[in-house]
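A.B. asks:
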Amino acid sequence: MAPNLRYISSDTAALIKFPFSGGQPRNGVEFGPDALVAAGLPEQLESLGWKVVQDDSIDWDEVNNVARNDVSIDTLKNPRSVSLASEKLAAAVEKHAKAGSLPVTLGGDHSLGIGSMIGVARAHPGAAVIWVDAHSDINTPNTTPSGNLHGCPVAFALGLDGAYMAPFKDWLPNPPVNSPNRLVYIGLRDVDEGERKILKDLNIKVFSMHHVDKYGIGKVVDMALDHINNNTNRRDRPIHLSFDVDAMDPTVAPSTGTPVRGGLTFREGHYICEALYETGALVAMDMVEVNPMLEPKCAEATIAVGCSLVRAGLGESLLC
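Numbered according to the UniProt record's numbering, the sequence shown terminates at residue 320, and the numbering increases by one at each position without gaps.
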């Protein structure tokens with residue numbers, strides 16, 4: 001069955017491996033991309049009708065050389081290597097999206113959202129981002145309690161207070177190419193105090209696990225799509241799905257760096273991906289924070305969930 005997405009002019013899914021862990025302190029998440037590929041993700045997508053290419057254009061030697069000498073700027077950890085890796089990812093995502101392919105970024109930690117959000121928005125102006133995560137990742141350099149940049153990517157992509165610091169100021173789009181009114185969260189259940197204020201002040205649409213419990217995942221996805229499409233019946237705004245595996249409950253996906261109890265069930269997570277594919281408006285997907293080194297006895301299950309979520313986002317269904 002050939003892919004059926006209105007903004008994708010080819011049947012190509014470009015897998016962009018992003019083996020980077022500098023946005024957070026735990027080792028192992030850099031092995032997530034290879035684990036997903038080794039589990040057969042390329043072949044699984046080919047079985048859905050996709051032509052799969054793997055992008056190896058990012059110069060990781062250069063990034064790692066910067067990382068070895070990276071020191072904090074104020075509270076921010078590894079800012080130079082995160083900036084460089086994000087800039088390179090933005091270019092790779094933009095290239096594939098402009099070529100009519102569907103970029104699928106495999107992380108790595110969620111600091112990659114800086115690059116993937118910007119790359120998608122450059123190729124698809126006006127694209128919405130649906131961020132599925134236990135965390136909102138919208139701390140600014142001035143609010144982050146930890147200094148870990150995997151908790152800040154949305155703030156940098158939106159150009160919020162402090163984002164245009166060195167070394168990010170040399171390449172972040174100014175004005176930003178992303179907008180708070182085209183951002184929706186699903187699955188939040190662990191939000192920092194400073195982030196709550198940002199979400200409220202910017203009037204960003206949030207569907208926490210409370211809303212999933214109250215309305216059910218089908219209604220939540222419908223409301224998310226209504227919001228990004230200006231509360232019309234149209235479903236035509238391009239969608240970038242950024243999916244952190246810690247959005248899933250730890251009983252489903254335990255091998256991740258910041259698990260939080262009370263997350264999405266297996267079916268809820270897959271429904272989100274399936275429903276967004278069914279709109280025909282998906283233009284990019286991220287799958288991040290799979291860490292095979294954490295809870296190693298459960299790593300295989302977490303990797304399998306990561307693969308199945310990507311398959312669902314790229315068209316797998318019961319009758320596919």
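Backbone N, C-alpha and C fix where the C-beta goes; we use that ideal spot for every residue, glycine too.
Because the structure is a prediction, the values reported are computed rather than measured.
1. I want to know whether the stretch 132 to 151 touches the stretch 39 to 57 - three or more CB-CB distances under 8 Å.
2. DSSP state of residue 61, grouped into three classes?
3. Pull the bridge partners of residue 17 from the DSSP assignment, please.
4. Ends of the alpha helix (DSSP H) at residue 209?
5. Could you tell me the distance, in whole angstroms, from the CA atom of residue 189 to the CA atom of residue 4?
6. Over what stretch of residues does the alpha helix (DSSP H) that includes residue 34 continue unbroken?
7. Short of 6 Å in beta carbon distance, which residues of its chain neighbour residue 88, apart from the five on each side in sequence? Order them along the chain.
8. In the stretch 188 to 268, which residue ranges form an unbroken alpha helix (DSSP H) of at least 4 residues, counting only runs that do not cross its ends?
9. First and last residue of the beta strand (DSSP E) that includes residue 405?
10. Tell me, please, whether the stretch 57 to 75 touches the stretch 247 to 256 by the rule of three or more beta-carbon pairs shorter than 8 Å.
11. In angstroms, rounded to a whole number, what distance separates the CA positions of residue 348 and residue 133?
12. Taking buried to mean at least 16 other C-beta atoms within 10 Å of its own C-beta, is residue 27 buried or exposed?
13. Check each candidate in 295, 212, 84 and 195 and name the one with the smallest Cα separation from residue 256.
14. Go to residue 282, then tell me how far its beta strand (DSSP E) extends in each direction, as first and last residue.
15. Whether or not the stretch 191 to 198 and the stretch 91 to 103 are in contact is what I'm after, with contact meaning three or more pairs of Cβ atoms, one per stretch, closer than 8 Å; do they touch?
C.D. replies: The answer reads as follows:
1. no
2. helix
3. 106
4. 209 to 215
5. 33 Å
6. 32 to 38
7. 58
8. 193 to 201, 209 to 215 and 217 to 228
9. Not covered by the structure: residue 405. The range shown for the chain is 1 to 320.
10. no
11. What is shown of the chain runs 1 to 320, which leaves residue 348 out entirely.
12. exposed
13. 295
14. 282 to 288
15. no
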